[in-house]
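As structure tokens, the structure follows; a few thoughts come after it.
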Amino acid sequence: MSNGNKKLTNLYVKNFDQDFNETKLCQLFSAFGTITSCKIQMDNNGQSKGFGFVNFERPDMAQKSSSYVRRWKT
């Protein structure tokens, strides 16, 4: 069974500052569509590990935001 055509809704986001919080992450990506969840990974001290995940309602929303992030990083 091939997963090549699978449409994904989850976006991995990395390389942000420790003071970047889930509210800011959701606000940044909400321009691309409906977000169903937004999570920043934290260490044992409650500090951001510098990465997180944004899950969108539909695959096209995730794709649009992913394209934006790739352009933003260059």
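When we follow the numbering used here, the leftmost residue of the sequence shown carries the number 201, and every step to the right adds one.
The C-beta atom is built at its ideal place from N, Cα and C for all residues, glycine as well.
- For Phe256, the enclosing beta strand (DSSP E) begins and ends at 248-256.
- In this structure, Cys226 lies away from Ile240, with their beta-carbon atoms at least 7 Å apart.
- With a cutoff of 7 Å on beta-carbon distance, Phe232 and Ser265 are scored as near each other.
- The shortest C-alpha to C-alpha distance from Phe251 to any of Pro259, Cys238, Ser267 is the one to Cys238.
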